[in-house]
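Asks: Before anything else, here's the structure in question.
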Amino acid sequence: MVPKVAGKGRSFVGAGLYYLHDKKAETSERVAFAHTVNLPTLDADKAIRLMAYTAMHQTEIKARAGGSTRGRKLTDPVYCYSLSWAPGEEPSQDEMIGAAKETLKALGLEGHEALLVGHDDEPHPHIHIIVNRVNPETGIAAPLKMDHLKLSAWAEEFERRQGQIRCEQRVLNNELRRQGEFVKDRSSQKAAEFQRWRMERAHRRSDRRVRESDRLGVKHHGERDRLRTDRDRLVTEQRRRYREATRADWHDLFTIQRQERRRFADAQRNAWSRVRFDIRTYGEDYRRAGKSGRKQMLKGAASALLGLKAQRKKLELKQKNERLFFARKLNDRTDKLTEKIRQKHERDLSALYKKQADELHELKMRQSKESQAEAREITEDRDKEIFRKEWREKRKSSLTEHFSKANREAGKDAARDGGEAASQERDSARARKRGLTDEFKAARGLAPEKKGKDSKGEFKDNAKDVGHDTGRKPKGD
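Numbering-wise (full-length UniProt numbering), the sequence shown opens with residue 1 and increments by one.
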């Protein structure tokens with residue numbers, strides 16, 4: 001039994017892309033089975049989405065459970081590892097699921113959501129476990145401390161129960177760990193690092209595809225908005241031009257109605273003048289009405305005879321209907337003019353929808369091909385070569401940096417040694433200069449000067465000599 005920790009991640013979609021693959025990918029056949037734990041579904045794709053939903057609502061779950069919502073937010077809710085049996089072993093599906101559930105309990109994850117995915121693309125049976133670190137009841141993230149050691153101890157105990165120890169080195173390492181020694185399995189560490197690199201690479205590619213789809217959606221939305229804005233601008237401009245063209249017609253209508261109101265005011269001298277105004281103003285309407293026009297004329301004359309208010313209301317109603325009729329007529333003409341603009345907009349919008357559908361289809365086809373190529377790359381283990389190349393480049397760069405640092409330090413040492421040599425040379429020159437001066441003074445019978453250090457120096461002047469030379473007695477004598 002070999003447990004391997006792939007590591008933590010950010011995207012459940014990326015984990016699903018690697019372990020389940022895209023539905024259109026050829027490598028979907030390598031999935032032997034999928035089993036959900038603590039999830040209300042048996043469908044693997046739905047399980048991925050449900051775990052992502054739980055992780056995104058961690059704060060709400062904490063608040064509902066009465067816990068604190070403060071602190072740093074969880075950025076890597078995905079935890080993946082695998083269990084591999086030895087080649088030749090043939091565990092049943094139930095046995096593989098049971099072993100996976102035992103590891104969840106050993107890691108303290110028995111209450112967490114998990115998806116178990118069995119693969120049959122290798123000579124050895126193996127199962128992958130995708131776990132949501134966020135507890136669905138409390139919202140607290142599992143810390144997963146010393147997960148490698150816990151899985152190693154579980155694997156040893158599992159093999160003992162099976163009656164055959166297949167990894168003696170693990171037993172030795174665990175015994176040394178129990179004695180307090182630090183033991184690290186570098187081969188397993190490198191394999192775990194590769195699995196972590198593979199998952200992160202799948203996450204990055206998945207995120208890139210999501211960003212591409214989002215950018216295309218924003219682009220399409222902007223194109224449709226610009227088309228609608230152009231339509232509204234053209235319609236507004238057409239209406240403005242038509243209003244300018246019909247301004248004189250409105251002016252004529254208002255002039256006629258003002259003249260009618262003036263005649264109405266002049267006709268208020270007596271009853272007969274009001275009757276004449278009524279016949280003159282509404283006579284054309286009476287004639288168009290036919291037989292009923294005579295009755296309308298008589299009613300109008302009676303209304304004119306009775307008083308001012310009824311005739312004024314009749315005039316106001318007539319002029320209001322004239323304005324409404326004229327406005328409807330102008331609006332109908334405007335609608336006919338703007339209908340051509342709307343029809344052109346509908347044609348342009350239909351063509352734009354078709355173009356955008358083609359672009360979206362092209363993007364999906366390209367992403368589908370990329371997904372299939374990535375799946376084949378994983379199945380054929382070509383990504384291992386890429387990982388090794390990147391690892392070598394990284395190691396090479398780190399070694400180059402190490403040697404560069406060593407060279408810089410060596411240069412500093414050389415510069416420091418050179419500075420010390422130059423300082424020694426200057427001191428020697430000063431010493432030689434002082435020697436010549438002393439020789440010159442000796443030749444003239446002069447005693448060489450003796451320079452002592454002050455009280456802060458390493459040595460003090462000889463007090464007796466100073467007192468004797470100056471004629472002063474030294475203190476203390």
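All C-beta atoms, glycine included, are put in the ideal place defined by N, C-alpha and C.
(1) Determine whether the beta carbon atoms of tyrosine 79 and leucine 20 lie at a separation below 8 Å.
(2) So valine 13 is in the alpha helix (DSSP H); what residue range does that whole segment cover?
(3) Return the residue from the list Glu90, Leu352, Glu137, Glu95 that minimises the CA-CA distance to glutamate 110.
(4) What first and last residue would you give for the alpha helix (DSSP H) that runs through glycine 118?
(5) Quick check on DSSP: helix, strand or coil for threonine 281?
(6) Can you tell me the Cα-Cα spacing of threonine 103 and tyrosine 353, whole angstroms?
(7) May I ask you to report which of helix, strand or coil DSSP gives isoleucine 127?
(8) Thinking C-alpha only, which one of Phe158, Leu315, Glu89 is nearest histidine 124?
(9) Under 8 Å: do the region 46-63 and the region 236-245 share three or more Cβ pairs, one atom per stretch?
(10) Do the CB positions of lysine 101 and valine 37 come within less than 8 Å of each other?
(11) Mind the definition here: the region 278-289 touches the region 210-217 only if three or more C-beta pairs lie below 8 Å; say whether that holds.
(12) Output the distance between the C-alpha atoms of asparagine 173 and arginine 160, rounded to the nearest integer angstrom.
(13) According to DSSP, serine 213 sits in a beta bridge with which residue or residues?
(14) For the alpha helix (DSSP H) that contains glycine 98, what are its first and last residues?
(15) Is it true that the CB of glycine 16 sits closer than 8 Å to the CB of residue 490?
(16) What number of angstroms, rounded off, separates the C-alpha of arginine 133 from the C-alpha of aspartate 225?
(17) Since arginine 30 contacts aspartate 120 with CB under 8 Å, what's their CB separation in whole angstroms?
(18) Going by beta carbon distance, what residues of the same chain come within less than 7 Å of proline 91, once the five residues before and after it are set aside?
(19) Looking only at DSSP bridge pairs, what is tyrosine 242 linked to?
(20) According to DSSP, simplified to helix, strand and coil, what is leucine 83?
(21) Cutting at 6 Å between CB atoms, please list the residues of its own chain near glutamine 367, excluding the five before and the five after it.
(22) Might you give, ordered along the chain, the residues of its own chain that have their beta carbon closer than 8 Å to the beta carbon of serine 350, omitting 5 neighbours on each side?
(23) Out of Phe158, Lys384, His361, Gln356, which has the shortest C-alpha to C-alpha gap to methionine 1?
Replies: Based on what the coordinates show:
(1) no
(2) 12-19
(3) Ranking Glu90, Leu352, Glu137, Glu95 by Cα distance to glutamate 110 puts Glu137 first.
(4) No alpha helix (DSSP H) holds glycine 118; the beta strand (DSSP E) holding it covers 114-119.
(5) Of the three classes helix, strand and coil, the one that applies to threonine 281 here is helix, per DSSP.
(6) If you take the alpha carbons of threonine 103 and tyrosine 353, they lie about 52 Å apart.
(7) Isoleucine 127 carries a strand assignment under DSSP once its states are collapsed to helix, strand and coil.
(8) Glu89
(9) no
(10) Against a cut-off of 8 Å, the Cβ pair of valine 37 and lysine 101 comes out as a contact.
(11) no
(12) 15 Å
(13) Bridge partners of serine 213: none, in fact.
(14) 93-106
(15) In the structure as shown, the chain starts at 1 and stops at 477, and residue 490 therefore has no counterpart that could be examined.
(16) 42 Å
(17) Distance from arginine 30 to aspartate 120 at the Cβ level is roughly 6 Å; contact confirmed, criterion being Cβ atoms closer than 8 Å.
(18) Listed in chain order, the non-local C-beta contacts of proline 91 below 7 Å within the same chain comprise Trp85, Pro125, local neighbours out to five positions each way being set aside.
(19) None, per the DSSP bridge assignment.
(20) strand
(21) Arg209
(22) none
(23) Phe158
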